Amino acid sequence: MSDLHRQSVTQLALGLRARRFSSVELVGACLARIEASQAALNAFVTVTREQALAAAAQADRLLAAGGGGPLTGVPIAHKDLFCTRGVRTSCGSRMLDNFVSPYDATVVAKLQAAGAISLGKTNMDEFAMGSSNETSFYGPVRNPWNPALVPGGSSGGSAAAVAARLVPGATGTDTGGSIRQPAALCGITGMKATYGRVSRHGMVAFASSLDQAGTLAPSAADCALLLREMAGFDERDSTSVDTPVPDYVAALEQPLAGLKIGLLREFFDTGLDPEYERCVREALKVYVGLGAKLTEVSLPSLPLSVPVYYVVAPAECSSNLARFDGVRFGHRCENPRDLTDLYRRSRGEGFGAEVKRRVMTGTYVLSAGYYDAYYLKAQRVRALINADFIRAFKEVDVLMGPTTPTPAFALGAKTADPITMYLNDIYTIGANLAGLPAASVPCGFVQDLPVGLQIVGPHFAEARVLSAAHALQRATDWHTRVPEAYA
Amino acid sequence: MSAWETVIGLEIHAQLATRSKIFSGSATAYGAPPNAQANLVDLGYPGVLPVLNAEAVRMAVKLGLAINAQVAPHSVFARKNYFYPDLPKGYQISQYELPIVAKGAIDIVLEDGTVKRVGITRAHLEEDAGKSLHEGLPGVTGIDLNRAGTALVEIVSEPELRSAKEAVAYMKKVHTLVRYLGICDGNMQEGSFRCDANVSVRRSGSEKFGTRAEIKNLNSFRFVERAINYEVERQIELLESGGQVVQETRLYDPDKGETRSMRSKEEANDYRYFPDPDLLPVALDAAFIESVRATLPELPDQKAARFSRDYGLSPYDAGVLTASRELADYYEAVVAAVPKEPKLAANWVMGELAAALNRDNLEIGSGKLPAPRLAGLLARIVDQTISGKIAKEVFEAMWAQGADADPIIESKGLRQITDSGAIERVIDEVMVKNPGQLAEYRAGKDKLFGFFVGQVMKATGGKANPAQLNELLKKKLSG
Numbered sequence: 006m007s008d009l010h011r012q013s014v015t016q017l018a019l020g021l022r023a024r025r026f027s028s029v030e031l032v033g034a035c036l037a038r039i040e041a042s043q044a045a046l047n048a049f050v051t052v053t054r055e056q057a058l059a060a061a062a063q064a065d066r067l068l069a070a071g072g073g074g075p076l077t078g079v080p081i082a083h084k085d086l087f088c089t090r091g092v093r094t095s096c097g098s099r100m101l102d103n104f105v106s107p108y109d110a111t112v113v114a115k116l117q118a119a120g121a122i123s124l125g126k127t128n129m130d131e132f133a134m135g136s137s138n139e140t141s142f143y144g145p146v147r148n149p150w151n152p153a154l155v156p157g158g159s160s161g162g163s164a165a166a167v168a169a170r171l172v173p174g175a176t177g178t179d180t181g182g183s184i185r186q187p188a189a190l191c192g193i194t195g196m197k198a199t200y201g202r203v204s205r206h207g208m209v210a211f212a213s214s215l216d217q218a219g220t221l222a223p224s225a226a227d228c229a230l231l232l233r234e235m236a237g238f239d240e241r242d243s244t245s246v247d248t249p250v251p252d253y254v255a256a257l258e259q260p261l262a263g264l265k266i267g268l269l270r271e272f273f274d275t276g277l278d279p280e281y282e283r284c285v286r287e288a289l290k291v292y293v294g295l296g297a298k299l300t301e302v303s304l305p306s307l308p309l310s311v312p313v314y315y316v317v318a319p320a321e322c323s324s325n326l327a328r329f330d331g332v333r334f335g336h337r338c339e340n341p342r343d344l345t346d347l348y349r350r351s352r353g354e355g356f357g358a359e360v361k362r363r364v365m366t367g368t369y370v371l372s373a374g375y376y377d378a379y380y381l382k383a384q385r386v387r388a389l390i391n392a393d394f395i396r397a398f399k400e401v402d403v404l405m406g407p408t409t410p411t412p413a414f415a416l417g418a419k420t421a422d423p424i425t426m427y428l429n430d431i432y433t434i435g436a437n438l439a440g441l442p443a444a445s446v447p448c449g450f451v452q453d454l455p456v457g458l459q460i461v462g463p464h465f466a467e468a469r470v471l472s473a474a475h476a477l478q479r480a481t482d483w484h485t486r487v488p489e490a491y492a
Numbered sequence: 039m040s041a042w043e044t045v046i047g048l049e050i051h052a053q054l055a056t057r058s059k060i061f062s063g064s065a066t067a068y069g070a071p072p073n074a075q076a077n078l079v080d081l082g083y084p085g086v087l088p089v090l091n092a093e094a095v096r097m098a099v100k101l102g103l104a105i106n107a108q109v110a111p112h113s114v115f116a117r118k119n120y121f122y123p124d125l126p127k128g129y130q131i132s133q134y135e136l137p138i139v140a141k142g143a144i145d146i147v148l149e150d151g152t153v154k155r156v157g158i159t160r161a162h163l164e165e166d167a168g169k170s171l172h173e174g175l176p177g178v179t180g181i182d183l184n185r186a187g188t189a190l191v192e193i194v195s196e197p198e199l200r201s202a203k204e205a206v207a208y209m210k211k212v213h214t215l216v217r218y219l220g221i222c223d224g225n226m227q228e229g230s231f232r233c234d235a236n237v238s239v240r241r242s243g244s245e246k247f248g249t250r251a252e253i254k255n256l257n258s259f260r261f262v263e264r265a266i267n268y269e270v271e272r273q274i275e276l277l278e279s280g281g282q283v284v285q286e287t288r289l290y291d292p293d294k295g296e297t298r299s300m301r302s303k304e305e306a307n308d309y310r311y312f313p314d315p316d317l318l319p320v321a322l323d324a325a326f327i328e329s330v331r332a333t334l335p336e337l338p339d340q341k342a343a344r345f346s347r348d349y350g351l352s353p354y355d356a357g358v359l360t361a362s363r364e365l366a367d368y369y370e371a372v373v374a375a376v377p378k379e380p381k382l383a384a385n386w387v388m389g390e391l392a393a394a395l396n397r398d399n400l401e402i403g404s405g406k407l408p409a410p411r412l413a414g415l416l417a418r419i420v421d422q423t424i425s426g427k428i429a430k431e432v433f434e435a436m437w438a439q440g441a442d443a444d445p446i447i448e449s450k451g452l453r454q455i456t457d458s459g460a461i462e463r464v465i466d467e468v469m470v471k472n473p474g475q476l477a478e479y480r481a482g483k484d485k486l487f488g489f490f491v492g493q494v495m496k497a498t499g500g501k502a503n504p505a506q507l508n509e510l511l512k513k514k515l516s517g
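Listed in order, the protein sequences are those of chains L and W.
Per my numbering, residue 6 is the first one in the first sequence, and the count goes up by one each step.
Per my numbering, residue 39 is the first one in the second sequence, and the count goes up by one each step.
Listed below in structure tokens is the structure:
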């Protein structure tokens with residue numbers, strides 16, 4: 006049973022159903038790995054050992070009685086910005102260090118209803134603002150491939166936990182690349198759904214028009230299974246879309262022959278590491294070998310993604326984070342002198358530097374006299390980027406390119422210069438601005454560090470993106486590689 | 039003519055009569071214990087999202103149609119950002135650039151009887167804030183979020199009102215309208231209907247607006263009138279003594295009868311409005327708008343015109359009787375029972391009944407004197423069982439006892455005397471008792487006729503039928 010951690014979500018669900026091992030055994034093994042790795046990786050903010058074991062025992066009873074759902078007894082972990090009833094939901098921030106959510110996010114409730122067992126809450130950049138997991142109040146997460154390096158962010162805890170096989174799958178959120186970038190840097194598969202596909206209810210907001218949930222797991226097949234259970238319309242989220250969720254698992258084996266792949270010219274720019282590019286191009290050759298057709302496409306507005314994003318996202322965040330005022334929940338300063346003092350010190354003490362930077366940026370771009378020049382203009386450019394994508398998808402079925410410009414970088418390497426850090430999301434932000442489904446799949450190694458191929462599909466074409474990713478994973482084994490220390 | 043012209047625009051906040059809040063399922067009933075009607079959405083908890091209440095949209099559309107405004111096929115909710123303890127999210131969800139209703143108008147009747155059309159710039163949907171509580175909480179401030187998230191429609195007039203009286207007439211008209219439409223209970227004590235007044239003055243004949251002050255949160259017609267009058271006087275005095283009006287927000291203190299500065303323009307918030315990404319734009323198609331139009335009741339102006347036309351009432355009386363739907367319904371119920379006497383009914387409803395209600399501080403809908411009961415009294419005037427004068431006495435007894443007219447007329451023996459023989463007998467007695475006056479009358483002093491009428495009425499306790507009495511008396515006196 007020592008290889009349980011090497012099994013996929015799909016295999017584990019089948020094994021549990023066949024009673025080859027119990028959920029208590031499996032959950033116990035995962036908890037042991039989490040606890041053993043915590044000092045080195047810091048992937049978790051909260052581990053819910055007792056609750057998880059109790060849920061596992063209940064899952065075993067259910068399975069013994071022949072009951073259960075598609076994920077009954079399978080352990081997972083949630084990024085710590087999904088609200089979990091009775092469990093601290095910190096968002097990686099001192100502001101919410103004391104916040105125990107009174108309700109479950111829809112994603113949490115749906116995965117629980119499918120039978121999944123949450124082992125705890127994974128570390129993340131504070132309020133999902135960061136690309137390296139270094140902005141967390143709980144300290145940085147380390148990359149399982151090399152503890153001197155960052156795992157990426159903001160879903161860095163989820164990515165590291167899956168890469169180190171502490172859990173077979175985890176949830177994440179992606180506002181500008183926060184699932185795909187850490188997935189690429191940690192050598193796993195990350196899938197962000199179409200904006201509106203997964204409910205945002207209970208997902209603490211960073212930038213409401215960009216935030217979208219998704220999955221992190223070793224393979225596209227695992228992501229398909231988890232996403233199928235997470236997705237769907239939710240009347241508590243007005244931006245969720247009421248269209249049926251296809252069976253992503255059943256759609257995985259769609260034939261690839263004839264798939265038209267658009268190569269994003271703008272992504273193969275001077276900022277891209279040449280070795281990284283070589284890996285991506287190797288993966289594209291695999292697709293050609295499987296019968297896909299490659300064409301180069303250009304999205305002329307796409308290079309404006311980063312500046313547009315750093316107007317829109319901070320603007321929304323400055324407003325979304327206003328509720329953290331020390332009045333009703335979260336951090337409150339000691340002995341406030343008056344109301345202004347309460348606001349100033351509670352927020353000053355509760356938020357970290359990166360959050361403050363974005364709140365200030367956002368406040369600035371929405372201010373009288375600047376709104377038109379920044380926010381409004383950014384929204385216009387955003388519409389152009391969206392139009393570029395829509396035009397491209399008239400020619401091709403999916404778009405492909407690198408997920409990030411470089412493999413994982415060293416802790417502290419980019420913290421001094423926010424712009425350098427922001428540029429790490431240069432290839433991922435476009436899909437958020439256009440609300441498109443996008444995945445990152447492992448496609449090789451550069452100096453023993455994993456790199457990712459990004460696959461972007463048209464709106465609600467998750468099945469197509471996942472089946473394309475799955476086709477690569479049937480032909481290659483990059484996604485099965487595990488860091489030696491966690492093998 | 040005054041050297042100064044007053045310019046007023048009102049922003050009326052009407053709380054919509056939805057059962058639940060505009061973006062959450064919490065109840066909206068007034069008077070619950072603090073925070074008993076605040077769920078996680080109202081509390082602004084992390085991760086929760088607003089979901090628009092369709093009923094609030096329907097009510098705003100109703101208003102738009104009733105004021106002949108443009109109902110926007112596409113309107114957008116925006117966030118108005120500012121920090122305040124009773125504003126849980128740190129922003130209020132409102133509408134800014136694209137409101138649901140734009141460019142309407144309301145007609146008001148001025149004191150001299152002329153009709154003035156007041157333009158309505160816009161009406162938009164928004165959520166209310168909570169309340170800060172200080173009473174009984176020494177050293178701390180309590181927050182009650184029961185009201186937070188309650189649906190409001192803010193109705194913004196053009197700066198076309200020219201006096202406090204006009205402002206009140208306009209506000210009353212809007213009050214009447216929202217209650218007709220059933221979209222607001224109009225309860226001003228509970229804050230369901232309140233307004234902010236933008237007030238400025240300018241030299242008569244000047245085209246340019248003066249600097250305005252905004253008086254916040256006026257929740258009675260009387261306060262609106264007093265606050266505006268005070269503010270106008272203050273501004274004129276300031277300008278005439280060489281000073282300048284500062285653009286600022288002011289509060290009216292009803293105890294002192296004055297307005298006080300709350301914050302200046304420099305201290306004003308930059309609200310950083312932007313479209314709320316949590317809510318989709320509100321898209322309304324023509325079919326929906328028409329389906330709402332089909333639910334519109336007869337509106338006050340239409341009803342008043344019909345009252346004038348069908349009942350022969352003056353525009354003034356028609357206006358008074360249609361000021362509320364309850365009053366108009368009451369009046370029509372009375373008229374239905376005495377269909378030939380709509381003016382008599384109007385006089386009684388606006389006269390005795392209104393006075394009695396006013397005296398006892400009751401509303402028309404209180405049920406104190408149901409319409410059929412008043413109609414029963416009027417029927418006795420019409421069939422000459424009692425005179426109008428006696429009817430007032432009967433009315434007072436009905437009001438006091440909560441009884442019908444007939445038993446009171448019977449038990450008090452107030453039935454009019456219509457028996458000619460009986461009246462003649464009384465006349466004879468009076469003539470015998472007053473031989474001097476009789477002689478003078480017969481000598482040509484016609485004025486004494488009234489004296490004899492009085493004497494007979496006195497002797498019959500006012501019950502003699504006046505027409506019959508006149509006729510018989512004339513005959514007898516002339517011998």
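Cβ atoms here follow ideal geometry from the backbone N, Cα and C, with glycine treated the same way.
Predicted model only: the values in this text are computed from it and were never measured.
Would you identify the three-state DSSP class for Val239 of chain W, choosing helix, strand or coil?
-> strand
Checklist entry - With C-beta atoms as the reference, is Ala119 of chain L less than 8 angstroms away from Gly74 of chain L? => result Annotated as proximal: Ala119 of chain L and Gly74 of chain L, with beta-carbon spacing under 8 angstroms.
Would Asp274 of chain L count as contacting chain W if we go by Cβ distances under 8 angstroms? For Asp274 of chain L, not one C-beta of chain W is nearer than 8 angstroms to its own C-beta.
- Task: Starting from the N-terminal side, write out each stretch of the beta strand (DSSP E) that is 3 residues or longer and does not extend beyond the segment 255-284 of chain L.
- Result: 265-269
* Which first and last residues belong to the beta strand (DSSP E) in which Gly177 of chain L is found? -> Its beta strand (DSSP E) spans residues Ala175 to Asp179.
With the cut-off set at 8 angstroms, would you say Asp306 of chain L and Val386 of chain L are in Cβ contact? Checking the sequence, you will find Ser at residue 306 of chain L rather than Asp. Yes, the pair counts as a contact, with Cβ atoms nearer than the cut-off.
With H, G and I counted as helix, E and B as strand and the rest as coil, what does DSSP make of Ser123 of chain L? DSSP places Ser123 of chain L in the strand class (E or B) of the three-state scheme.
If the cut-off is 8 angstroms on Cβ atoms, which residues from the segment 98-122 of chain L count as contacting chain W, listed in chain order? Leu101, Phe104, Ser106, Pro107, Tyr108 and Ala110
Q) So what does Arg117 of chain W bridge to, in DSSP terms? A) DSSP output for Arg117 of chain W lists W:Ile131 and W:Phe312 as bridge partner(s).
Cβ neighbours of Arg233 of chain L in the same chain (closer than 7 angstroms, five flanking residues each side left out): Only residues of its own chain outside the window of five on either side were considered, and among them Val250, Asp252, Tyr253 and Val254 have a CB closer than 7 angstroms to the CB of Arg233 of chain L, listed in chain order.
With a cut-off of 8 angstroms on the beta carbons, I'd call Ala98 of chain W and Leu163 of chain W a contact; round off their distance for me.
Between Ala98 of chain W and Leu163 of chain W, the beta carbon gap of about 5 angstroms places them in contact (Cβ cut-off 8 angstroms).
Using a beta-carbon distance below 8 angstroms, is Asp316 of chain W in contact with chain L?
-> At a cut-off of 8 angstroms between beta carbons, Asp316 of chain W contacts chain L.
Does any C-beta atom of chain L lie closer than 8 angstroms to the C-beta of Asn307 of chain W?
no
* **Buried versus exposed call for Ser28 of chain L [16 or more other C-beta atoms within 10 Å across all chains shown]** => buried
* Asp367 of chain W in three-state terms, based on DSSP -> The answer is helix: DSSP assigns Asp367 of chain W an H, G or I state.
Quick one: grab the DSSP three-state call for Cys448 of chain L. strand
Nearest candidate by alpha-carbon position, reference Ala202 of chain W, set W:Arg185, W:Glu192, W:Gly187 and W:Val239 = W:Val239
Q. How long is the line joining the alpha carbons of Met6 of chain L and Pro260 of chain L, rounded to whole angstroms?
A. A caution first: Met6 of chain L carries a pLDDT of 43, below 50, which makes its placement in the model too unreliable to give a value.
Going along chain W, which residues have a C-beta under 9 angstroms from His484 of chain L?
The contacting residues do not exist; His484 of chain L stays about 31 angstroms from chain W at best.
Exercise for the section: Starting from His464 of chain L, find everything on chain W with Cβ-Cβ shorter than 8 angstroms and list it in chain order. Expected result: Under the 8 angstroms cutoff, chain W gives no residues; its nearest Cβ is about 15 angstroms from His464 of chain L.
| field | Closer than 8 angstroms at the beta carbon, the chain W residues around Gly207 of chain L | value | Gly85 and Val86
Bounding residues of the alpha helix (DSSP H) (the contiguous stretch that carries Ser258 of chain W):
Taken as a continuous stretch (DSSP letters only), Ser258 of chain W belongs to no alpha helix (DSSP H), as it is neither H nor E.
Hey, could you find the ends of the alpha helix (DSSP H) Thr314 of chain L is sitting in?
The sequence given here places Tyr at residue 314 of chain L; Thr does not occur at that position. Note, Tyr314 of chain L: alpha helix (DSSP H), Ser310 to Asn325.
Self-check item: Beta-carbon proximity check, Val432 of chain W vs Glu379 of chain W, cutoff 8 angstroms
Solution: no
Check your understanding: In angstroms, rounded to a whole number, what distance separates the CA positions of Tyr292 of chain L and Tyr143 of chain L?
Key -> 41 angstroms
For the segment 369-384 of chain L, enumerate the residues whose C-beta is nearer than 7 angstroms to any C-beta of chain W, in chain order. Leu371, Ser372, Ala373 and Tyr380
Check: Would the beta-carbon of Arg411 of chain W fall within 8 angstroms of that of Asp442 of chain W?
Finding: yes
Just to confirm my understanding: we take Pro313 of chain W, look at its own chain, exclude 5 residues before and 5 after, and list those with CB closer than 6 angstroms. What are they? Val114 and Ala116
Margin query: Beta-carbon within less than 6 angstroms of Pro72 of chain W's beta-carbon, same chain only, minus the 5 sequence neighbours each way: which residues are those?
Written below: Asp182
Requested in this report: Count the C-beta pairs between the segment 261-271 of chain W and the segment 200-220 of chain W that are closer than 8 angstroms, then say yes if the count reaches three, no if not.
Outcome: Three or more Cβ pairs drawn from the segment 261-271 of chain W and the segment 200-220 of chain W lie within less than 8 angstroms of each other, which places the two stretches in contact.
Exercise. Under 8 angstroms Cβ-Cβ, which residues of chain L neighbour Tyr129 of chain W?
Worked result: Simply Ser324 and Ala327.
Output, in chain order, the set of chain L residues within a Cβ distance shorter than 7 angstroms of Pro11 of chain W. Residue 11 of chain W cannot be examined here, being either before or after the span of chain W that is shown, 39 to 517.
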